[in-house]
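In terms of our numbering, the sequence shown opens at residue -5 and continues consecutively. Below is one structure; the comments refer to it alone.
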Amino acid sequence: MEVLDVSRWQFAITTVYHFLFVPLTIGLAFLVAGFHTAWHRTGKTHWLTLTRFFGKLLIINFAMGIVTGIVQEFQFGMNWSAYSTYIGDIFGAPLAIEGLAAFFFESTFLGLWIFGWDKLPARIHLACIWTVAVATTASAYFILVANSFMQWPTGHTLNPDTGRVELTDIWALLGNKVAAITFPHTIAACFLTAGTFVMAVALWRLMRHRDDDTTKTTFTPVVKIGAITTITAAIALAATGDIQSKIMTDTQPMKMAAAEGLYDTQQGAGFSIITIGTPDGSEEVWSLKIPGLLSWLGTGDINGEVHGINDIQHEYTQRYGPGDYTPNIPLTYWSYRGMIGFGMAAAAIALAALWLTRRGRIPRHWTIRTAVTLTPLLPLAGSSLGWIFTETGRQPWIVFTLLKTADGVSPTVTLTQVLTSLIAFTTVYAALAVIEIALLLRYIKAGPPPPETATTTDY
């Protein structure tokens, strides 16, 4: 075990954990803003109830996202100081914009929305929650710009005197073609997560309180809203994912080849639904494939040529020097399929929920309630696996073609120090997970207060 390995584990654990809160916050902010708008325009009480009920859940998730996100900034200086020194001039620009502009707006206006009930003019109060929703999306964009530079460096030059990359074109950085498609793909995943969440919460409450007319009036439309949001987001994910695959094939062909475990260059390459191979992923034993699909994903032509791992390895060795430029094949293979599979499963359950609740029906069987209750975990798992694929498929590069991961770790940090911080962060995050789940379940089970007894302080 080396410092590099433990540092990678620590960053992976804290990053994946933090991202569990991000997609729900972004998507749910827009849905809460939609509920608030419906109440503002119609004056119907149940829209106000939904706004405040889901708004409370949004606040809980937002707070946890802030707490876990702070650690990300610290790690760049602690465990990855060589990386920070090398890329700081570029990486710092979008992160500064995100912190000083986007995050400032979302946190400030969320505070105004929380404490502005009955104090701010109705339109101003409504504008606050919409500002939060837009700002969270902008925040995501600047973070993705920073990450996309690691995938496909643009707008930079290498200073030979300092040995650092320096920003030369801010617009090339902000307009990186990887960021341009990663952004809508990520936002679609956020809406998939939020859609399944509100659908699951609403259907759970309907099934638990099927004889309560107030519950029916309040939560029946939410099931449909959540399901339609989920299905629409799944379609958007498929469309943006198709474009993203083609850009990935152009910019990082090794990652695309690793996603299929394709070792030899092929025309009309198929995409395997499932493969049984050797433990190291170097040889296929049996697979179930869709002919031509990998070529379509990579080139837009079912007969297109997809470069294999062996040829790309040879090319990279000639271009960048001796070394192993192949990522972990089993991990990239299964994370790619898990990402797609969990997203499709969430959409399928949303379709089933629409059918089961048609014409005001409320399902009765406990298996349905269990399935729907667990549905929000599917897009969260899919998003996590998507990021695992994105980051591990780029290895051994921390900044593609510019800096290897092994060269980005802090040279003075010891194994004991990294292990101690890893254990500490994991322990704290486990405690935060218990708190987050307990708070969400507590308020979901309690539900909104009855309209005739509710006051502003109840929300």
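The beta carbon of each residue, even a glycine, is placed where N, CA and C say it ideally should be.
- Residues 224, 225, 228 of the same chain have their beta carbon placed closer than 7 Å to that of residue 341, with the five preceding and five following residues left out of the count.
- Around residue 334, the same chain offers no residue with a beta carbon nearer than 7 Å, after the five sequence neighbours per side are excluded.
- Residue pairing by DSSP places residue 151 opposite 160 in a beta bridge.
- Under the DSSP assignment, residue 349 falls in the alpha helix (DSSP H) whose first and last residues are 323 to 350.
- Of all alpha-carbon atoms in 429, 405, 409, the one lying nearest the alpha-carbon of residue 71 is that of 405.
- At least 7 Å separates the beta-carbon of residue 422 from that of residue 1.
- Around the CB of residue 250, 16 or more other CB atoms lie within 10 Å, so the residue is classed as buried.
- Taken in chain order, the complete alpha helix (DSSP H) segments of 4 or more residues contained in the region 1 to 46 are 16 to 36.
- In the assembly as shown, residue 4 is a buried residue. Its beta-carbon has 16 or more other beta-carbons within 10 Å.
- Contact between residue 183 and residue 231 holds: their C-beta atoms lie close to 6 Å from each other, under 8 Å.
- Taking all protein chains shown into account, residue -5 has fewer than 16 neighbouring C-beta atoms within 10 Å of its C-beta and is therefore exposed.
- Residue pairing of residue 299 in beta bridges, as defined by DSSP: 261.
- Residue 172 sits in a helix when the DSSP states are folded into three classes.
- Less than 7 Å divides the Cβ of residue 253 from the Cβ of residue 326.
- Within the same chain, Cβ atoms closer than 7 Å to the Cβ of residue 100 are found at 126, 129, 130, 133, the five residues on either side in sequence being excluded.
- Distance from the CA atom of residue 238 to the CA atom of residue 75, rounded to whole angstroms, is 31 Å.
- Measuring C-alpha to C-alpha distances from residue 48 to each of 73, 118, 216, 260 identifies 216 as the nearest.
- If the five residues before and after residue 287 are omitted, its C-beta is found closer than 7 Å to the C-beta atoms of 264, 265, all from its own chain and listed in chain order.
- Per DSSP, the beta-bridge partners of residue 266 are 283.
- Ranked by Cα distance from residue 185, the options 16, 409, 195, 161 are led by 16.
- Per DSSP, residue 356 lies in no beta strand (DSSP E) segment and is marked neither H nor E.
- In terms of Cα proximity to residue 144, the closest of 294, 377, 246, 420 is 246.
- The residues 148, 149, in chain order, have a CB closer than 7 Å to that of residue 166 in the same chain once the five nearest residues on each side in sequence are set aside.
- Restricted to the region 80 to 124, the alpha helix (DSSP H) segments that are unbroken, complete and at least 4 residues in length are 97 to 109, listed in chain order.
- Looking at the backbone, the Cα of residue 137 and that of residue 90 are separated by about 10 Å.
- 7 Å or more divides the Cβ of residue 122 from the Cβ of residue 98.
- Counting only runs of at least 4 residues, the region 171 to 247 fully encloses the following alpha helix (DSSP H) elements, listed from N- to C-terminal order: 171 to 202, 207 to 245.
- Under DSSP, the beta-bridge partners assigned to residue 393 are 397.
- For residue 172, the closest of 209, 146, -2 by C-alpha to C-alpha distance is 146.
- Within its own chain, the residues whose Cβ lies closer than 7 Å to the Cβ of residue 153, once the five positions on either side in sequence are excluded, are 160, listed in chain order.
- Distance from the CA of residue 59 to the CA of residue 317, rounded to the nearest whole angstrom, comes to 38 Å.
- Counting of Cβ neighbours within 10 angstroms places residue 389 among the buried residues, the total reaching 16 or more.
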